[in-house]
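Right, one structure below, let's go through it.
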Amino acid sequence: MVWIIEEESVEPPKSDRDIQMECITTDIINGLREEDQGVKLRDVRRISPRRFVHIGGEYAAGAASSDDNAERLVWREIDAAFENRVSTGAVININYIEPRKFLEDAEVIVIDRVRNVMQRHASVKINTVFNGEFVTGDKRANKSVGTGNYELFRASDLREWYEQHVIEPTLSRLEEFQERDSGWALSRILNLTVNVNKYNPLHAGCYINLPQEIKSKKAVINVHSVDNACFAWSVVAALHPVERHSERESSYRHYTTVLNLQGIEFPMILKQIKKFERLNDISINVYTIEGEKTPTVLPIQLTDLKREKHVNLLYVQDPRDNNVGHFAWIKNLSRLVSSQLSRHNGRKYFCDRCLHYFRSSEKLEAHGVDCREINNCAIRLPSEDDKWLSFKNHSRKERVPFVVYADLECTLEKTDADPTTSIYTSQHHRVFSVGYYVRCSYDDSLSAYRFRRDKDCVAWFVEELRRLAHDVKSILSGNVCMTELTRDEREIFHSATHCHICEKPFEPDDVRVRDHCHLTGRYRGPAHSNCNLNYTDSHYIPIIFHNLSGYDAHFIIKEIATAYEGHVDLLPITKEKYISFTKHVKDTAEKSDSRSDIKLRFIDSYKFLSSSLDKLASFLCRDKLKIVRSQFLQLSTENFDLLTRKGVFPYEYVDCVDKLEDTCLPPRESFYSSLTGDTVSESDYEHAANVWRRFSVRTLGEYSDLYLKTDVLLLADVFENFRDSCIASYGLDPAYYYTLPGFTWDAMLKHTRVNFELLTDIDMVMFIERGIRGGLSQCSGRYARANNKYMQSYDSSKPSSYLMYFDVNNLYGWAMCEPLPYAEFRWVEDVSNFDFSAIASDSPTGYILEVDLEYPQNIHDAHADLPFCPTRDKPPGKRQDKLLATLYDKKRYVIHYRNLQQCTRHGIRVTKIHRVLQFTQSTWLRTYIELNTKFRTLAKNDFEKNLYKLMNNAVFGKTMENVRNHVDVKLLTKWKGRCNAEALISKPNFHSRSVFSENLIAVELRKLEVKFYKPIYVGMCILDISKVCLYEFHHEYMSPLYGDMCRIMYTDTDSLIYHIECEDVYENVKRDIVRFDTSDYAIDNEYGITLENKKVPGLMKDENNGAIMTEFVGLRAKMYALRVDDVCETKLK
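Numbering (our numbering), first residue to last: 1 to 1133.
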C-alpha cells in the first residue's frame, strides 16, 4: 500500500479505504500542510516551510539512529579522467530517509574528500548531484537534483561552501522539483554525487595585441600596461577617457588612486568582478571573441544591475595559453558589433545584453525593460532575406536508401557488495553481443543481418559501419542511366503543368527536365532544373536503436568517437543523453566538397514510437513481419508465431559471460528483475522453454543470439511499417528525422503550405516570450464530499450535491483549428484609440496587446474560483515561478485580443494600452489537425490512435520549443589545447561534464548566443486561445447556471473538478448536451443521457463517464485523491 508520510510523525493509514481517505482529509482540514496555491492572493499569509513528501510503506518506521555515520554513509570513487584532473565520487546512502539529515551528515565525508583534491589542484570547479528514487502513481524512476558549479580555491571556506551551495540549494530544488508539474515524490535517497574538475581560472594580465579585425574597427582602447592589472587600467580608461595616446599607461592616473581594490588580487579573474562592482559602485559587462573563421563578439558575463557608472570590457585570450587573457575597454560597443548584425552605417543605439540595435535612445531604453528581465545572452534573429519559413525538404519524399537497425546485449556484472549491507549498490553493464540488420530500400539483395558475440563486439560493430559507409559511398558515386521513357510517360512529361518535386507550376521560362533515380534508373517525373539538382540521395545512414537515448548510446559513443577519424556531431538533451549523434566518416567525401561525406546518424526509434518493442510488434499482423520472415524462411507457422511472441531473458542472472555457456535454460527464479520486483510469469517461462526446445538451442549464449536477432528484425519490421504508413499518409520518410515532433512539423509545413514570417524585431520576440505562460494547474479546494440520490450513502436531510470531473476534448487541438498568426507583423502606431472589442474572432487580422488591467473589488467573489489573466510569478517563500491565477491588478500584461475581449466582458477594466502587435491570421493549421483526426478515427489499434494524437500535439510542442534551454555539448579526447577539456572547463559558460573513459569526456556549455528561428507566436496564441475555451465553460455556463452552488475544487490545464449543489446535475447535462461529449457513457445509463459528440474538440467530457464521484481531497497542484463508486484513486502527476 502507498501512503503519504511527512517529515513530522504521522501515523500510517490503515488498510481500510475509508480510514485512508479520512486520514488524508483530516491532515488537510487540520492544516497539517497548509499551502497556498496562488488563488485569491489578496490575503497572503506567511507559509510555513514545506515538508518533504515520502512515498512508500517501507519508510514509515522513521529515521535510523545517528550513532555512527560511518555505518550509514559510504564514499565511493565513481569515475575519473585525464589523470584525475576530472573526478567523480559519491556518498552512498545506507539507511537515511530524510534528505536534510543525509546531507548534513555527509558533510564531513565530502569536505574531507574535497580537501584531499585541493592538495593536488589549487583551484577546482565543483558541483553536487542528489540522486534518489522517486515515484508517481505506480511508476518508479531514479531522478537527480543538481547544484550549479562553484569555484573553490585553497583559501576557500569549505564548510561555508557546503552549507550554502550544497545543502540549501539541494533542499530548495528538491522541494521545487516535487511541487512542479512533475508530480514525482521522493521515495528513497540513493547518493550524493560530487563532481570535481581541475580549473585554471581565466585571468588577465600584461598586454596582448588585439586581433586585426578588432583593431580596424577603432572601437576598443587597449592600454599597454606592463603589470598584471590590465583590468584596472581598462576601467580607469573608461572612467577617465583621454583624447590623445589613449593606449599609453602614462596617460592615466594610477589605478590605485582611482579605484577601491580592497581584497582584489591581480591578475584579475572573472569571479572577482562582482566584488569589484560592489566596492566601486560600478557595473561591468565582459565580452569575448568566439569563432575562428568568423570572429563574433559575445557576452560571457553580464552585470546583474546596471549602474550609473557602467563599463564594457573585452576579454581577449592569449593564443599561446588558453587560460591567460587580457582586458581592454570597449569604447564603442556599437561600432564593435554592428557589422555582425547590419550593413546599415547610420547611428545605432546598441543593447549591451542582446546585442541588437535601435534607431533612438528612447527605443533602446524601452527595450531594456524586457531585456534585463528575461535575457542574459546575445540573440540572433533571421535577416530580412532569411525570414520566411516554409517546406523545403522535398528530397525527403524519397526513401533513405540504406537504414541500419541494431541492438546489443549486456551482462549485468555486480559490483563489490557494500560492507554494511547485504545488497549490491550497483551493476556494471558490459556489452557481450551486437546485432544489426542493413535494410536497402531499392535492392533487397543488399539487405542482410550480421551479429557478433565476444568482448570486442562493439569495436567490430563500429568497424562494420565504417565499411558500410565506404560501400554506400561507392554506390552513391555511381549514376545508373535513366530507363527509356514509355510513350505515355513522354506525353505526360510534355503536357505536365507542375513540377513533381516542389509541386509548383512551370512558368513559361522555366527549364523542364526529366528527373530519375540515380540508384535504379527509374524515371520519376517532370521537374524544374533547380529542383532536380537538389533532389539528391541521402548521404546519411540512419543507425536505429530502440531506446538509444536512455541506454544504448552509452556503449556506442566512446567507440564511435575514437575508433577512426571523423568528427562527431551531437544533438544533446544533456551531456549524458542525446537525441542523436552523427559520425562523419573520413575519406568518403568528394574532393571538391567535404560536406558530401557519408554520415552515420544514430537515432532512437523510441523518439518516434514511444512504446516497448514487444507492444509495437504485437500491433503487426503476421503478413507485416516480412523482414523476420525473410530471415526465417524455413519456419513453420507455429514456430514463426512462437518466435515473434514476446520473449524473456534472464538479464540479471547473466552477471558474467561464463553463464552464457550454460547448457540448459536457467530456472524461473533466475529471470527475476529488480525493476519489476518479480520474476517472469509461468506462461512466459514455459514459452522460453518451448523456444529452447523447438529451436534446438544448446547454450544460453545461443538463446541470447536468437533473442537478439529476433529483437533486431522485429525493430526493423516495426519501423519499416511505420515508414510505409508515413510515406502513404504524409509523403515523407521519417528516417530522415531525429524525432516524431521534427517529422510532424515538416509534414505540417508540407500539407498546409503555410509560409511563416519569422520575427526580425527583437522587441517583438521578447513581447511574445512574455506572453507565453503555459497551462494553469491549481488546487482551489481541499476537501469535498458528495451527497445525492445516486449514492448508497445518500442522506436526504442534507443538501443534494455532486462531484463532477470535466475534461475538455483535445483542448489544444481545438485551439489549433482557430485563426492563428503567420505573417505581416507590425506595431500599431495609434494605440490610444485602438478598439479591441470590435474585432471578430475570425478576423483576417489579429492582435496581441500589452495592457494594464484593473480587477475591480466588486467581482472578486464571483471570480475567486477561476480568476482571469493568470501570471507567472513566485509564490510567497518560493524560488520557482508558477502560473498563478490571482485577483491582483496586472501591469504590462501581454494577452491575445480574444482573451482580452472575454475578460473585459466579465468586468475587468483596461486602464492603459501600452503596445499592440498586429498580424495576418487564418485557420491555416486546421486542415492538418483534421487530417490526423481522420487518421485517428480509422486507426486499428491503440498505438495508432495515440500516434496520430501525438502528430497533432507535437506540432504545438514545436511552436513552443524554448530555444533558450538548448545546450552545447562537446566530446573531448584531450586535456590540453584551445578547444579541449582544460579550456572548456575554465570557460564561464561551463555547465557540467560526464566521464566516458580516461580519455573521453562530454562537456556541457551554456550557449552564449541563442538563435530564434521558430514561429513562437503560434504557440503563444494557441496557449491563450485554449484558455478562452476553459474560461468560457466556467464563467459563461457553469457560473450562471449554478451561481454560488458550484465551486471549483481543482483545475489542470484542460480539466475542472467541481462540487455542485443541485438536485440532479445529469439532467442539466442531458438538457445542454450540445456542450458535452457523452459518447463513453454506458448505452443503458440510468440518467437517460444519449451518446453524442464523440471526440468533438472543445466539448466537455465527464471523465468518470457517469460513475458517481463521492469524495475529493486536494493536497496541491498535481497531487489529489478522489473516490469514484467507493474506489479510492490517488493522482500523483
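Beta carbons are placed, not taken as given, at the ideal position from N, Cα and C, and that holds for glycine.
Query	Result
Alpha carbon to alpha carbon, what distance is there between V828 and C1136?	Residue numbering for the chain in the displayed model covers 1 to 1133; residue 1136 lies beyond these limits and cannot be assessed.
Can you tell me whether I269 is helix, strand or coil according to DSSP?	strand
Starting from the Cα of Y888, find the closest Cα among A1121, Q857, A378 and L900 and give me that residue.	Q857
Could you tell me the boundaries of the alpha helix (DSSP H) in which I111 lies?	P99 to R120
Nearest-angstrom Cα distance between L700 and L174?	44 Å
When you compare the CB positions of F1134 and V894, do they come within less than 8 Å of one another, or not?	Outside the shown range of the chain (1 to 1133) lies residue 1134, about which nothing can therefore be said.
Using a Cβ-Cβ cutoff of less than 6 Å, which residues in the same chain neighbour M1020 once the five nearest sequence positions on both sides are dropped?	I768, G771 and I772
Just tell me which of H516, P741, T520 and P526 has its CA closest to the CA of E503.	P526
I'd like to check one pair, N1104 with Y805: are the Cβ atoms closer than 8 Å?	yes
Between Y578, T574 and D684, which has its C-alpha nearest V614's C-alpha?	Residue identity differs from the one stated: residue 614 is Asp in this sequence, not Val. Among Y578, T574 and D684, the Cα nearest to that of D614 is on D684.
From W745 to E160, what distance separates their C-alpha atoms?	49 Å
Around the Cβ of C499, are there at least 16 other Cβ atoms within 10 angstroms (buried) or fewer (exposed)?	buried
Buried or exposed: which applies to N30, given that a residue is buried once 16 or more other Cβ atoms fall within 10 Å of its Cβ?	Below a pLDDT of 50, predicted positions are generally treated as unreliable, and N30, at 37, falls in that range; the measurement from the model is reported next regardless. Answer is exposed; the Cβ neighbour count stays below 16.
Give me, in chain order, the residues of the same chain whose beta-carbon lies closer than 6 Å to that of H906; leave out the 5 immediate sequence neighbours on both sides.	H1035
By how many angstroms is the C-alpha of I269 removed from the C-alpha of K309?	21 Å
Measuring alpha carbon to alpha carbon, tell me which residue in A122, N200 and V108 is nearest I167.	V108
In the DSSP assignment, the beta strand (DSSP E) including P741 goes from what residue to what residue?	No beta strand (DSSP E) holds P741; the alpha helix (DSSP H) holding it covers L740 to T752.
Using a Cβ-Cβ cutoff of less than 6 Å, which residues in the same chain neighbour K1070 once the five nearest sequence positions on both sides are dropped?	I1089
Could you work out which residue in T973, S618 and A786 is closest to M1154 when comparing CA atoms only?	This structure gives no information on residue 1154, because the portion of the chain shown stretches from 1 to 1133.
Looking at the strands, I want to know which residues DSSP matches up with F327.	Y315
For I1060 and N788, what's the separation of their Cα atoms in angstroms?	10 Å
Would the segment 834-848 and the segment 896-912 be scored as touching if the rule is three or more Cβ pairs under 8 Å?	yes
Between N932 and M951, which are expected to be in contact by the criterion C-beta below 8 Å, what is the C-beta distance as a whole number of angstroms?	5 Å
Any heavy atom of the ligand SAH inside 7 Å of the beta-carbon of D227?	In the structure shown, the ligand SAH is absent, as is every other ligand, since no ligand is present at all.
Within its chain, find whatever has a CB closer than 6 Å to the CB of G775; leave out the 5 residues flanking it on each side and keep chain order.	T1053
Given a threshold of 16 other Cβ atoms within 10 Å of its Cβ, counted over all protein chains shown, does H394 qualify as buried or as exposed?	buried
Does the count of Cβ pairs from the segment 325-344 and the segment 394-407 closer than 8 Å reach three?	no
Where does S216 land, buried or exposed, given buried means 16+ other C-beta within 10 angstroms?	exposed
Quick check: the segment 1077-1093 against the segment 750-764, are at least 3 beta-carbon pairs closer than 8 Å?	no
Nearest-angstrom Cα distance between T483 and Y523?	7 Å
For P505 and K293, I'd like the C-alpha separation in whole angstroms.	40 Å
Over what stretch of residues does the alpha helix (DSSP H) that includes P1040 continue unbroken?	S1039 to Y1042
By how many angstroms is the C-alpha of Y551 removed from the C-alpha of D597?	28 Å
Are there three or more Cβ pairs, one per stretch, closer than 8 Å when the segment 632-652 is compared with the segment 692-711?	yes
Checking 8 Å against the spacing of the C-beta atoms, do H546 and L715 come in under that value?	yes
Buried or exposed: N209, going by 16 or more other Cβ atoms within 10 Å of its Cβ?	exposed
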